[in-house]
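> Below is a structure I'd like to ask you about.
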Amino acid sequence: MKASLGFGVIGAGRIGGLHARHIAGSIDGAHLVAVMDADRQAAERAGFGNAYATGDVDRILADGTIDAVLIASPTSLHAEQVKAAAAAGKAIFCEKPIALDLAETVEAMDAVERAGVPFQIGFNRRFDPGYAELARAVHAGELGRVEMFRSQSSDPSPPPREYAAVSGGIFLDSVIHDIDTARFVVGEVERVTALGRVLVEPYLGELGDIDTSVLTLEFAAEGSAGESAAGPIGVLQNTRRTVFGYDLRVEVHCQGGKLVTEAERATNVWRYDQGGIRGDYVYYFIERFRDAYRLEVQSFVDAVRQGRRPEPGSRDAVESLRVAVAATRSLRSGQPVRVADVDVAGN
38 MKASLGFGVI
48 GAGRIGGLHA
58 RHIAGSIDGA
68 HLVAVMDADR
78 QAAERAGFGN
88 AYATGDVDRI
98 LADGTIDAVL
108 IASPTSLHAE
118 QVKAAAAAGK
128 AIFCEKPIAL
138 DLAETVEAMD
148 AVERAGVPFQ
158 IGFNRRFDPG
168 YAELARAVHA
178 GELGRVEMFR
188 SQSSDPSPPP
198 REYAAVSGGI
208 FLDSVIHDID
218 TARFVVGEVE
228 RVTALGRVLV
238 EPYLGELGDI
248 DTSVLTLEFA
258 AEGSAGESAA
268 GPIGVLQNTR
278 RTVFGYDLRV
288 EVHCQGGKLV
298 TEAERATNVW
308 RYDQGGIRGD
318 YVYYFIERFR
328 DAYRLEVQSF
338 VDAVRQGRRP
348 EPGSRDAVES
358 LRVAVAATRS
368 LRSGQPVRVA
378 DVDVAGN
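Counting in this note's numbering, the sequence shown runs from 38 upward without gaps.
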């Protein structure tokens, strides 16, 4: 087992910068070697200690002291950078999604599999202590078979127009986290039905996107025989406007009860006075999932050093995107879409 993995972080925006800080000082068994960004000054701001800054991704990939790369660049660059890192023999952690196109995603994941390098996709919610404990209890069958699942995610405000224009739409950009949570907690999704509206920001409609959605999920029946067997059902509720801050929760209804995880407040204090009852709130995902971002990279480092396959991996990158693409098709057609009918040929 190597004493410490040398990391190169590719992309020095808010997520890349956060990961660089964690690797530099909060991840056991890892150290920061370099930060790369097309904006050299951004790379320099994200560097710590002896880590060097560069604007050249090839320098990162050629550096023999770098064992692993963390890709937090713009989504449009992910697939090519994943393939290049795999060819260079680097262990790879990549922020979601690999690409906005299913065929491109599968191609990149095939390159990872052929190279035999460790790979993890950045679905950070799996590593939030509340989400992780809920999933553990479900998988252990502590309340029996799952019957219904609900995930709600509400952003405080819509993304900038420039970002939304290249994001792939709400399902690929944002709801994919809820989709991955559903797969992680309950299992594979067989069919989706999408309903969406533009109720918050008109420019999203001009881009062919929405800001308010309800997505229903039909899960595969697990461990049952016969075509008549029914699996659990679920709903994902999402909006791009929540004036009281970042709001999300997961509920799982089971035979023997219900599991809920939620964390609306930055500090778990209620104030009671003549003006009423008040609490503070978490503004956005960086604050809400700061620990989860650290824990997912720690899990990746532990897996690589111990020779285990990191999770979530390439299959999760592909299948969560497949569900998101199915949801987008359902929204446009107004009809349910079978996830199995979404293939890499674009059919």
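Ideal Cβ placement from N, Cα and C applies to all residues, glycine included.
Between the region 209 to 220 and the region 148 to 164, do three or more beta carbon pairs fall short of 8 Å?
In short, these stretches touch, since the Cβ pair count reaches three.
> Can the beta-carbon of residue 348 be found less than 7 Å from the beta-carbon of residue 164?
No. Outside cutoff.
> In whole angstroms, what is the alpha-carbon distance linking residue 242 and residue 134?
Computed Cα separation, rounded: 23 Å.
> Residue 66 and residue 342 - do their beta-carbons sit closer together than 7 Å?
The answer is yes: Cβ separation under 7 Å.
> Just checking, does the region 350 to 357 make contact with the region 139 to 148 on the three C-beta pairs under 8 Å criterion?
Counting Cβ pairs under 8 Å, three or more are found: they touch.
> With a CB to CB cut of under 6 Å and the five nearest residues on each side skipped, what residues in its chain are close to residue 53?
Cβ neighbours of residue 53 beyond the five flanking positions: 46, 109.
> Label residue 232 either buried or exposed according to how many other C-beta atoms from any shown protein chain fall within 10 Å of its C-beta, with 16 as the threshold for buried.
Counting Cβ neighbours within 10 Å, residue 232 comes out exposed, since fewer than 16 surround it.
> Would you mind stating whether residue 296 and residue 169 have Cβ atoms separated by less than 7 Å?
Not closer than 7 Å, so no.
> When the Cα atoms are used, what is the spatial distance from residue 76 to residue 93?
Answer to the nearest angstrom: the Cα atoms are 10 Å apart.
> Among the residues of its own chain, which have a CB less than 8 Å from the CB of residue 350, if the five just before and after it don't count?
Closer than 8 Å at Cβ, skipping near neighbours: 156, 157, 158.
> In the DSSP assignment, the beta strand (DSSP E) including residue 108 goes from what residue to what residue?
Its beta strand (DSSP E) spans residues 105 to 108.
> By alpha-carbon positions, which one of 187, 323, 111 ends up nearest to residue 200?
That would be 111, whose Cα lies nearest to the Cα of residue 200.
> Can you tell me which of 178, 272, 322 puts its alpha carbon nearest to the alpha carbon of residue 185?
Among 178, 272, 322, the Cα nearest to that of residue 185 belongs to 272.
> With a CB to CB cut of under 8 Å and the five nearest residues on each side skipped, what residues in its chain are close to residue 299?
The residues are 167, 285, 286, 287.
> Along the chain, which unbroken stretches of the alpha helix (DSSP H) at least 4 residues long are found entirely within the region 158 to 199?
Taking only runs of at least 4 residues, the alpha helix (DSSP H) segments lying wholly in the region 158 to 199 are 166 to 176.
> With a 10 Å radius around its C-beta and 16 neighbouring C-beta atoms as the bar for buried, classify residue 280 as buried or exposed.
Under this definition residue 280 is an exposed residue.
> I want to check one thing, is the minimum distance from the CB of residue 346 to the heavy atoms of the ligand HEM below 6 Å?
As for the ligand HEM, it is missing from this structure, which has no ligand bound.
> When DSSP labels each residue in this structure, what does residue 120 get in the three-state scheme?
Residue 120 falls in the helix class under three-state DSSP.
> Between which two residues does the beta strand (DSSP E) harbouring residue 310 extend?
Unbroken beta strand (DSSP E) run through residue 310: 308 to 310.
> Measuring alpha carbon to alpha carbon, tell me which of 362, 366, 365, 335 ends up nearest residue 68.
The shortest C-alpha separation from residue 68 is found at 335.
> What runs of the alpha helix (DSSP H), each 4 residues or longer, lie entirely inside the region 212 to 264?
Counting whole runs of 4 or more residues, the region 212 to 264 contains the alpha helix (DSSP H) stretches 213 to 222, 239 to 243.
> Which of helix, strand or coil does DSSP assign to residue 125?
If DSSP states are grouped into helix, strand and coil, residue 125 belongs with coil.
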